[in-house]
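Novice: Following our numbering, the numbering of the sequence shown begins with 1 at its first residue and continues without gaps. Would you mind keeping the following structure in view while I ask a few things?
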Amino acid sequence: MKINSKILIIAGSDSSGGAGIQADIKSVTSLGSYAMTAITAVTAQNTKGINSIIPIPSKEISNQIEFTSKDIKPDSVKIGMLHSTQVIKSVLKSINKLKLKKIILDPVMVAKGGAKLIDDKAVLILKKKLIKKVDLVTPNIPEAEILTDLRIKSLLDMKDAAKVLLNLGAKNVLIKGGHLETKNLRDIFVNKREVAIFTNKKIKTKNTHGTGCTLSSAIATYYGCGKTLKKSCELGIRYVNNAIETSPNFGKGNGPINHLNSFIIKKKFK
Ligand SMILES: Nc1ncnc2c1ncn2[C@@H]1O[C@H](COP(=O)(O)OP(=O)(O)OP(=O)(O)O)[C@@H](O)[C@H]1O
Ligand SMILES: [Mg+2]
1 MKINSKILII AGSDSSGGAG IQADIKSVTS LGSYAMTAIT AVTAQNTKGI
51 NSIIPIPSKE ISNQIEFTSK DIKPDSVKIG MLHSTQVIKS VLKSINKLKL
101 KKIILDPVMV AKGGAKLIDD KAVLILKKKL IKKVDLVTPN IPEAEILTDL
151 RIKSLLDMKD AAKVLLNLGA KNVLIKGGHL ETKNLRDIFV NKREVAIFTN
201 KKIKTKNTHG TGCTLSSAIA TYYGCGKTLK KSCELGIRYV NNAIETSPNF
251 GKGNGPINHL NSFIIKKKFK
């Protein structure tokens with residue numbers, strides 16, 4: 001296994017540094033790999049909320065992906081927020097053109113406060129086209145509900161939703177349980193052959209800004225370094241858990257987590 005991989009991140013910028021591209025770069029770097037970026041939107045936000053979102057034109061997003069990847073070939077790709085049909089189509093085109101492999105899709109659709117971030121047409125194309133093209137899709141509960149039209153209130157519901165996503169053409173699914181009101185937190189990994197449930201104690205904290213972004217980029221890093229997808233999910237979840245546990249408590253709202261929770265990189269690969 002080579003620890004030092006090259007990871008391409010396609011996502012939005014979070015000026016507060018806790019989520020989005022900033023969280024992705026910190027995660028990839030702290031796991032010993034090399035981060036490259038294609039920025040899809042620029043947001044002004046802090047731990048209390050989003051003030052503005054400026055979308056980057058789809059052509060420019062493709063330019064970033066293609067010009068960068070032609071020179072340095074990514075070992076894996078993490079896709080985060082894609083705000084419109086046009087952007088999803090451009091990203092798909094670039095993925096095909098450059099034959100990018102090992103893609104993790106975090107289908108960001110709902111903000112922490114519950115606001116829907118992308119329109120219905122974009123959801124449809126994500127569901128019909130993009131999901132099939134990637135190796136793993138990592139919805140949280142509200143996103144899994146939108147993608148499957150199911151209500152999710154339990155682990156059993158999560159399993160059912162994952163099956164619906166497999167039927168839609170997803171190869172591997174990780175449904176994140178952070179939004180369920182349970183003492184233990186369960187994330188469920190499913191493909192046609194296996195089901196794995198990762199259980200962790202729910203940490204009592206308001207500092208969970210960027211947990212989803214961090215998790216998907218950590219998974220992309222482990223996967224790019226040669227771990228299996230299932231192992232990458234297990235290690236990624238552990239990385240996020242440690243980062244929440246040691247969060248620095250910055251800001252007055254949902255504070256960031258501690259991406260640099262350990263400098264001993266090799267330890268994080270065991
Ligand atoms: N309070 C918590 N304690 C322990 N683990 C947590 C907690 N909250 C979230 N996690 C973990 O963080 C990871 C991301 O899950 P979550 O459901 O928060 O994703 P998300 O909603 O996409 O996050 P975001 O709001 O950043 O987009 C999962 O592995 C989840 O189990
Ligand atoms: Mg999320």
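Just so you know, even glycine gets a beta-carbon here, dropped at the ideal spot from N, CA and C.
So T148 packs on V164, CB below 8 angstroms; how close in whole Å?
Specialist: Confirmed, about 4 angstroms.
Novice: Are G49 and I3 close, meaning C-beta to C-beta below 8 angstroms?
Specialist: For the pair G49 and I3, the CB atoms are not nearer than the 8 angstroms cut-off.
Novice: Can you give the Cα-Cα distance for K231 and A220, rounded to whole angstroms?
Specialist: 11 angstroms
Novice: If you draw a straight line from the C-alpha of T205 to the C-alpha of K97, how long is it?
Specialist: 43 angstroms
Novice: Just to confirm, is the Cβ distance from L229 to D75 under 8 angstroms?
Specialist: no
Novice: C213 and D24 - do their beta-carbons sit closer together than 8 angstroms?
Specialist: yes
Novice: Exposed or buried, V195, counting other C-beta atoms within 10 Å across all chains shown (16 or more means buried)?
Specialist: When all chains shown are included, V195 counts as exposed.
Novice: Within its chain, find whatever has a CB closer than 8 angstroms to the CB of G20; leave out the 5 residues flanking it on each side and keep chain order.
Specialist: A11, G12, S13, D14, T43, G80, M81, G210 and C213
Novice: Is DSSP giving A243 helix, strand or coil here?
Specialist: In the structure shown, A243 sits in a helix (DSSP, three-state: H, G or I).
Novice: So what does G49 bridge to, in DSSP terms?
Specialist: N46
Novice: I'd like to know whether the C-beta atoms of I131 and G177 end up nearer to each other than 8 angstroms.
Specialist: For I131 and G177, no; Cβs fall outside 8 angstroms.
Novice: What span of residues does the beta strand (DSSP E) with G12 cover, start to end?
Specialist: K6 to D14
Novice: Do the stretch 150–157 and the stretch 104–124 meet, that is, are 3 or more Cβ pairs less than 8 angstroms apart?
Specialist: The stretch 150–157 vs the stretch 104–124: no contact.
Novice: What are the residues that DSSP puts in a beta bridge with N261?
Specialist: Answer is none; N261 lacks a bridge partner.
Novice: Ignoring anything shorter than 4 residues, give me the alpha helix (DSSP H) runs that lie fully in the stretch 53–133, in order along the chain.
Specialist: 58–71, 85–98 and 120–125
Novice: Would you say the beta carbon of A140 comes nearer than 7 angstroms to a heavy atom of ligand 2?
Specialist: Here residue 140 is Asn; the residue named in the question, Ala, does not match the sequence. Yes; taking the cut-off as 7 angstroms, the Cβ of N140 has a heavy atom of ligand 2 nearer than that.
Novice: Does the distance between the C-beta of G20 and the nearest non-hydrogen atom of ligand 2 fall short of 7 angstroms?
Specialist: no
Novice: So what's L185 in DSSP terms, helix, strand or just coil?
Specialist: strand
Novice: Taking buried to mean at least 16 other C-beta atoms within 10 Å of its own C-beta, is I197 buried or exposed?
Specialist: exposed
Novice: Taking 8 angstroms as the cut-off, decide whether the C-beta atoms of N261 and N207 are in contact.
Specialist: No.
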